[in-house]
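Colleague: Got a structure for you, written out below as structure tokens; questions coming shortly.
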Amino acid sequence: MERTQQHRQVAHMRQSLFDQGLLDEQFVQLEELQDDANPNFVEEVVTLFYRDSARLVLNIDQALDKSPLDFSKLDSYMHQFKGSASSIGAKKVKSECTLFREYCKAGNGEGCMKTFQQLKKDYAVLRKKLETYFQMARQVGPVETACRRK
Amino acid sequence: MNLGSGQGSMSTASSSGAWKAGDVVPDQFPAGLRVLVVDDDPTCLMILEKMLRTCLYEVTKCNRAETALSLLRGNKSGFDIVISDVHMPDMDGFKLLEHIGLEMDLPVIMMSADDGKHVVMKGVTHGACDYLIKPVRIEALKNIWQHVVRKRKNEWKDLEQSGSVEDGDRQQKPSEDVDYSSSANEGNWKNSKRRKDEEDDAEERDDTSTLKKPRVVWSVELHQQFVAAVNQLGIDKAVPKKILELMNVPGLTRENVASHLQKYRLYLRRLSGVSQHQSGLNNSFMGPQDATFGPISSLNGLDLQTLAVAGQLPAQSLATLQAAGLGRSTGKSGLPMPLVDQRNLFSFEAPKFRYGEGQQQQQQLSNSSKQMNLLHGIPTTMEPKQLATLRQSAQSFGSINMQVNAHGNDSSSLLMQMAQPHSRAQILNETTGNHVSRITSSMGQPVLSNGIAGGLLTRNVIVENGRGAGFNPVSQGPSVVEFPMNHTAELPGNSFPLGTNPGISSIQSKGLLEEVSSEIKGSRGFVSSYDIFNELHQPKSQDWELQNVGLTFNASQHANSIPGNLGVSPSVLVHQVFSSGQKSGQNMNTPVVSKAMFSVGAGSEHGNTHNISQHLNTLVDSSLRVKTEKILDPSCEITPFPEHYVQEDLMSALLKQQEGIGPVEGEFDFDGYPMDNIPV
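Residue numbers (the UniProt record's numbering), protein chains in the order written: chain U, 1 to 150; chain W, 1 to 680.
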């Protein structure tokens, strides 16, 4: 049936996000928090993350434009960013944050910039994928989503 | 959510006996635990909130540390546990941790994406009861209730440990009560736990305050017994435990003795012209003001330490004390405070306070020195300014016992101790004697919730009139001002520096001191807000009863408002009522320093509704017992006093007391406090 197929598609998409290393266990934690009272909890959190972190991304970009680079500031921004990203389970983005901070500690401006470019890309890709995923999941119905992972 | 584990634990807790029938609590606990979450990251905050709700906890979230603090202050016993992020834009998480520890003594869990050893260690040293690495999992949150239970249990144990009466149950009970009292299921647990009847004065238990300690009224006889015990042991060797044993008074806990000892020490110190170390109190408070206080610094940490040591105040009380004066993070250690120095009567629980911030204050205070004895007994953190002001005006204030810091939990918590107004007053003598040591809990910040409003301690301020009693549950501003209220007579003379120095706003910026001084000046300036205090003070007789009305004010707010009065900011809990023995049974909870605001001296006579007076009474005992007695039991004591009155009355009370304290000879020559000096 169409519905079943849809379910399968959604499930498949979800799984691929994990398989590609874009999401980790924390995302599952969020899914588990979703319930009838908050049927779109995960989506809400992710939306909030992207909205709030946009400001941080901008700050980091601006800081990277300065010369000389203020590594401690960059590190501080990135620390915040990392905290947020990890709380939604954005695995890949999180590891890039870690890498960025390593470069900061080493005072490697070049490394920081390169890493950040990559990070932004992954950050955007994840966003798109999640948006698609949520859309599909909503179509299929909250129930499905909720129990799928169990 | 499976609360089974919780239940299991609960049963353990209840096993102690409190849970009598285990009816209510076990099933629901830890559901309803009131958690405050602080994190500037909205994503994390949202997730945490959801997780905590899933654990059936009651969650309040805020994204700024300042907001969190004001929430906590505004509702001392409104939360059971706090979870805070380490990195926040407006305030460092550790600083917040210290404040909370000092003012409210709640368990705090830190969290961060940073899992470096140093940061985690910092959490430990600052007193966090746990450290979570982000991203936080729900499993980690499920068990946070253990910290609440543990803390309660420990607190009770401290209290009860002294071996006083407690029946075996008692220990358990308290912990149980404590544990659950604040939990969400207050209704459930509390009832069962309320062993109140068993507790010695039990009254307090009802409240959720974290640590309800029954108030102990230090009557004249009791004090005499105490003094005898101390002398027998030798002032240097007099440790609460031994004193307790010697006294052999049923129902008296080590905590009670400890806090009383603290006050006593301060008193002695004051008598001997303390000046020397300005009681540790000053340390904390004084903070920046140092300069102003110059003399006040004596109270610096020294006193606090001493107090802390001496009093072994229960965590709570110490916390308050600390908070008050030291601005340290209290709560943390049961403070075994070693008698640091006789001088330091205030030993506010030095450990507790983490003077993180207070440190500087201390120094400052110490610098100023001597004078400060303001706080003798009051470990509150008095801002230096306040002290200074106190000093100036009040000279006589003797010890302002103030502060009681808001040790959170209960609103009442603060104030502690005022102890010893007299002796401290002496110390204060140095200058104007008003050192109002504000106990600024936040040390840096204006008076810690308790911040004894500036002038507390004016030396001899013997607040007899119990005015000082204003307990202001510190919840409000830290400005707890405790002024050892001098006898009425003194007040005017003492001129708490408070009034004079506007700068003293130490109490949270409120310049409680000023008010205090003004209060004092007015002779009692009791700001009449507390009628009760007035009554209490009645005894003016040298007994001081009220003397140390620990004004704990939340200086911040009130300080300003009360121009003439004791600046003791509302939150100032004036406790210390050294009730001179006479006082009626007010149960002064000395041990409860932390919370209770100390009954403003008035306790002595008047049955005082507030326990405060009781404290004072004890002090008086014809010898300058300035020691602020026990910290008022936050839960119970404070009730009678509306927050407001704390300030004003306290000051007057303090002043009064101070006066009475007068010249006490010899530092520890307690046996005969010359009460004569106390100008009644």
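Even for Gly, the Cβ is constructed at its ideal location relative to N, Cα and C.
#1: Determine the contact status of ASP114/W and ASP39/W, defining contact as a CB-CB distance below 9 Å.
#2: Indicate whether SER87/U and CYS97/U have their beta-carbon atoms separated by less than 9 Å.
#3: Following the continuous alpha helix (DSSP H) through LYS114/U, name the residue where it begins and the one where it ends.
#4: Could you list the residues in the region 54 to 85 of chain U with a C-beta less than 8 Å from some C-beta on chain W, going in chain order?
#5: For VAL10/U, which of helix, strand or coil comes out of DSSP?
#6: Are the CB atoms of GLY89/U and GLU131/U within a distance shorter than 9 Å?
#7: Hey, how far is the Cα of SER136/W from the Cα of LEU48/W?
#8: What did DSSP end up calling VAL149/W once you bin it into helix, strand or coil?
#9: Keeping to the same chain, check which residues put their C-beta closer than 6 Å to that of ASP75/U; ignore five residues upstream and five downstream.
#10: To which residues of the same chain is LYS120/U closer than 7 Å at the C-beta, ignoring the five residues directly before and after it?
#11: Taking LYS134/W as the reference, which of VAL239/W, LYS242/W, LEU45/W has the closest Cα?
#12: Taking CB distances under 9 Å as the criterion, tell me whether PHE134/U reaches chain W.
#13: Could you name the residues of the region 93 to 122 of chain W whose beta carbon sits closer than 8 Å to any beta carbon of chain U, in the order they occur along the chain?
#14: Taking ASP90/W and ALA65/W to be in contact with their CB atoms under 8 Å, please state how far apart those CB atoms are, rounded to whole angstroms.
#15: What are the start and end residues of the beta strand (DSSP E) that includes SER84/W?
#16: Looking only at DSSP bridge pairs, what is GLU58/W linked to?
#17: Taking only beta-carbon atoms, is SER87/U less than 9 Å away from chain W?
#18: Ignore the nearest five residues each way along the sequence and tell me which others in ILE109/W's own chain have a CB closer than 8 Å to its CB.
#19: On a Cα-Cα basis, can you pick out the residue from HIS126/W, LYS95/W, TRP218/W, CYS62/W that is closest to VAL35/W?
#20: Looking at chain W, is there any beta carbon in it that lies within less than 9 Å of the beta carbon of LEU126/U?
#21: Going along chain U in order, which residues have a C-beta closer than 8 Å to the C-beta of VAL41/W?
#22: Under 9 Å between C-beta atoms, does ILE504/W make it to chain U?
#23: Compute the Euclidean distance between the alpha carbons of GLU43/U and GLU155/W, then round it to the nearest angstrom.
#24: Using a Cβ-Cβ distance under 9 Å, would LYS142/W count as near chain C?
#25: What distance in whole Å lies between the Cβ atoms of ALA68/W and LEU96/W, which are believed to be in contact at a cut-off of 8 Å?
#26: I want to see whether chain W comes within less than 9 Å of PHE49/U, judged by CB atoms only; does it?
#27: Whose Cβ in chain W lies nearer than 9 Å to the Cβ of ASN40/U?
#28: In terms of DSSP beta bridges, what is TYR131/W paired with?
#29: Counting only beta-carbon separations shorter than 9 Å, does ARG64/W have a partner in chain U?
#30: Is the closest heavy atom of the ligand ADP to the C-beta of LYS94/U under 8 Å?
#31: Measure the C-alpha to C-alpha separation of ASN108/U and LYS82/U and round it to an integer number of angstroms.
#32: Distance cutoff 9 Å, beta carbons only. Does LYS45/U sit that close to anything in chain W?
#33: Taking 9 Å as the CB-CB limit, is VAL37/W close to chain U?
#34: Could you compute how far the alpha carbon of ASP19/U sits from the alpha carbon of LYS91/U?
#35: For LEU17/U, which residues in chain W fall below 8 Å Cβ to Cβ?
#36: Return no unless some Cβ of chain W is closer than 9 Å to the Cβ of ASP35/U.
Modeller: Concretely, from the data shown:
#1: Counted from its first residue, the second sequence places residue 114/W at position 114. Counted from its first residue, the second sequence places residue 39/W at position 39. The answer is no: Cβ separation not under 9 Å.
#2: By 1-based counting over the first sequence, the position of residue 87/U is 87. By 1-based counting over the first sequence, the position of residue 97/U is 97. Going by C-beta atoms, SER87/U is not nearer than 9 Å to CYS97/U.
#3: Numbered from 1 along the first sequence, position 114 holds the residue referred to as residue 114/U. Per DSSP, LYS114/U belongs to the alpha helix (DSSP H) from 109 to 140.
#4: SER76, HIS79, GLN80, LYS82, GLY83, SER84
#5: By one-based count along the first sequence, residue 10/U stands at place 10. If DSSP states are grouped into helix, strand and coil, VAL10/U belongs with the helices.
#6: Walking along the first sequence from the start, residue 131/U turns up at place 131. Walking along the first sequence from the start, residue 89/U turns up at place 89. Result no, Cβ atoms of GLU131/U and GLY89/U do not sit closer than 9 Å.
#7: The sequence position of residue 136/W within the second sequence is 136, counting from 1. The sequence position of residue 48/W within the second sequence is 48, counting from 1. Checking the sequence, you will find Val at residue 136/W rather than Ser. C-alpha separation (whole angstroms): 8 Å.
#8: As a first step, residue 149/W must be located in the second sequence, where it is residue number 149. Helix at VAL149/W.
#9: Position 75 of the first sequence holds residue 75/U. Hits under 6 Å: ARG101, CYS104.
#10: Here residue 120/U corresponds to residue number 120 of the first sequence, with the count starting at 1. Excluding sequence neighbours, LYS120/U sits near VAL57.
#11: Stepping through the second sequence from its first residue, residue 134/W is reached at position 134. When only C-alpha atoms are compared, the closest one is LEU45/W.
#12: As a first step, residue 134/U is located in the first sequence; it is residue number 134 there, counting from the start. No, its Cβ sits nowhere closer than 9 Å to a Cβ of chain W.
#13: SER112, ALA113, ASP114
#14: To locate residue 90/W, count along the second sequence from 1; it is residue 90. To locate residue 65/W, count along the second sequence from 1; it is residue 65. That pair is a contact at about 5 Å.
#15: As a working mapping, residue 84/W is identified with position 84 in the second sequence. Residues 81 to 85.
#16: In the second sequence, the residue the question calls residue 58/W occupies position 58. According to DSSP, GLU58/W bridges with ARG34/W.
#17: Numbered from its first residue, the first sequence carries residue 87/U at position 87. For SER87/U, the answer is yes, since a Cβ of chain W falls inside 9 Å of its Cβ.
#18: Locating residue 109/W in the second sequence gives position 109, counting from the first residue. Excluding positions up to five away in sequence, the list reads ILE81, VAL82, ILE83, SER84, ALA128, CYS129, ASP130, TYR131, LEU132, ILE144, HIS147.
#19: In the second sequence, counting from the first residue as 1, residue 35/W sits at position 35. Nearest of HIS126/W, LYS95/W, TRP218/W, CYS62/W to VAL35/W, Cα basis: CYS62/W.
#20: Here residue 126/U refers to the residue found at position 126 when the first sequence is read from its first residue. No, no contact with chain W.
#21: On the second sequence, residue 41/W is found 41 positions in, with the first residue counted as 1. Just to set this straight, residue 41/W is Asp in the shown sequence, not Val. Per Cβ cutoff of 8 Å: ASP52, GLN80, GLY83, SER84, SER87.
#22: Translated into the one-based positions of the second sequence, residue 504/W becomes position 504. The predicted model places ILE504/W with a pLDDT of 37, which falls under 50 and marks its position as unreliable, so this point remains unresolved.
#23: As a first step, residue 43/U must be located in the first sequence, where it is residue number 43. As a first step, residue 155/W must be located in the second sequence, where it is residue number 155. Their Cα atoms are separated by approximately 44 Å.
#24: This model lacks chain C altogether; the protein chains it does include are U and W.
#25: Residue numbering aside, residue 96/W sits at position 96 when the second sequence is read from its first letter. Residue numbering aside, residue 68/W sits at position 68 when the second sequence is read from its first letter. Right, the Cβ-Cβ distance comes to about 7 Å (below 8 Å), so this counts as a contact.
#26: Here residue 49/U corresponds to residue number 49 of the first sequence, with the count starting at 1. Chain W, which has a Cβ nearer than 9 Å to the Cβ of PHE49/U, makes this yes.
#27: Stepping through the first sequence from its first residue, residue 40/U is reached at position 40. Correct list: empty, because the minimum Cβ distance to chain W is about 12 Å.
#28: Your numbering for residue 131/W matches position 131 in the second sequence. For TYR131/W, which the question treats as bridged, DSSP gives the partners MET110/W.
#29: Position 64 of the second sequence, counted from the first residue, corresponds to residue 64/W. No, its Cβ sits nowhere closer than 9 Å to a Cβ of chain U.
#30: As for the ligand ADP, it is missing from this structure, which has no ligand bound.
#31: Here the question's residue 108/U lines up with position 108 in the first sequence. Here the question's residue 82/U lines up with position 82 in the first sequence. Between ASN108/U and LYS82/U, the C-alpha separation is close to 19 Å.
#32: Position 45 of the first sequence, counting from 1, holds the residue named residue 45/U. Rather than Lys, the amino acid found at residue 45/U in this sequence is Val. Yes, contact with chain W.
#33: Start at 1 with the first residue of the second sequence, and residue 37/W comes out as number 37. Answer no: the Cβ-Cβ gap between VAL37/W and chain U never drops below 9 Å.
#34: Numbered from 1 along the first sequence, position 19 holds the residue referred to as residue 19/U. Numbered from 1 along the first sequence, position 91 holds the residue referred to as residue 91/U. Those two C-alpha atoms are separated by around 11 Å.
#35: If you number the first sequence from 1, residue 17/U lands on position 17. In chain order: nothing, as chain W lies at least about 17 Å away.
#36: Residue 35/U sits at position 35 when you count from the first residue of the first sequence. With 9 Å as the cut-off, ASP35/U counts as an interface residue toward chain W.
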